[in-house]
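K.L.:
Residue numbers for the sequence shown follow my numbering, so the first one is 19 and each next one is one higher.
The C-beta atom is built at its ideal place from N, Cα and C for all residues, glycine as well.
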Amino acid sequence: MNADSYETLIPLGHPDEPYGGSLWVRLTFTDGVLARMQVEEGPVDAPKPNRALPSEYTDVGRELSGWPTRIDNRFDWTTHPGFPRVGTAFQRSVWSALCRVPRGQSVGYGELAQQVGRPGAARAVGQAVGANPWAPLIPCHRVLAANHGLGGYAQGTRIKARLLAIEGIAYR
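#1: For the alpha helix (DSSP H) that contains Arg118, what are its first and last residues?
#2: Cutting at 6 Å between CB atoms, please list the residues of its own chain near Ile187, excluding the five before and the five after it.
#3: Is it the case that the region 107-124 contacts the region 149-166, given that we only count it when at least three CB pairs across the two stretches are under 8 Å?
#4: Is it right to say Gln145 is buried, meaning 16 or more other beta carbons lie within 10 angstroms of its own, or is it exposed?
#5: Do Leu162 and Gly169 count as a contact pair if the criterion is CB distance below 8 Å?
#6: Quick one: measure Cβ to Cβ for Asp49 and Asp22, integer angstroms, because I've assumed they're closer than 8 Å.
#7: Kindly indicate which residue of Pro29, His166 and Arg141 has the alpha-carbon position closest to the one of Ser83.
#8: Could you tell me if Thr26 is buried or exposed, where buried requires 16 or more neighbouring beta carbons within 10 angstroms of its beta carbon?
#9: So which of Gly31, Gly148 and Val51 has the shortest CA-CA distance to Trp42?
#10: Pick helix, strand or coil for Ile184, following the three-state DSSP scheme.
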């Protein structure tokens, strides 16, 4: 990591929840912009120093610490002023559609392709889902394969399975 980049680590969900303290989100900032989030299983090594969130990201911290009950899909995270202007227009349309998938529900890659006006582009949607820089706020873990199997997940299918179980989403 270069001098203008740093990481901070915050717990995913409240420590009193059954999963509390065992899932963490590592946030990577570059030039003061939140470039990436990554869900990790605990215990994890906190970055030294574990810096506080910049003020423009306190809402992000609130959402993550209240997950999953707080993430209610009333907000399109791709419109957040701190959301890095990364990705193509197509990727951003997929990420926006993901923000509308209700908590506790899943969507297939093909269905998501139809929602963004690209029927038949399930593979391209899968690539856009995999490029999501703000998981779990942009809930790519809710996307299942056509057979209702897990499909892929950037942080691994074990973490995806845990996130789905916490939300009560069934899969094969």
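P.N.:
For this structure:
#1: Arg118 -> no alpha helix (DSSP H), and no H or E assigned at all.
#2: Taken in chain order, the residues that qualify are Ser124.
#3: Flag = yes, the region 149-166 and the region 107-124 touch.
#4: Exposed.
#5: In contact: Gly169 and Leu162 (Cβ atoms closer than 8 Å).
#6: Rounded, the Cβ-Cβ distance is 5 Å, consistent with contact.
#7: Checking every option, the nearest Cα to that of Ser83 belongs to Pro29.
#8: With 16 or more Cβ atoms within 10 Å of its Cβ, Thr26 is classed as buried.
#9: Answer by Cα proximity: Gly31.
#10: In this structure, Ile184 counts as helix in the three-state DSSP scheme.
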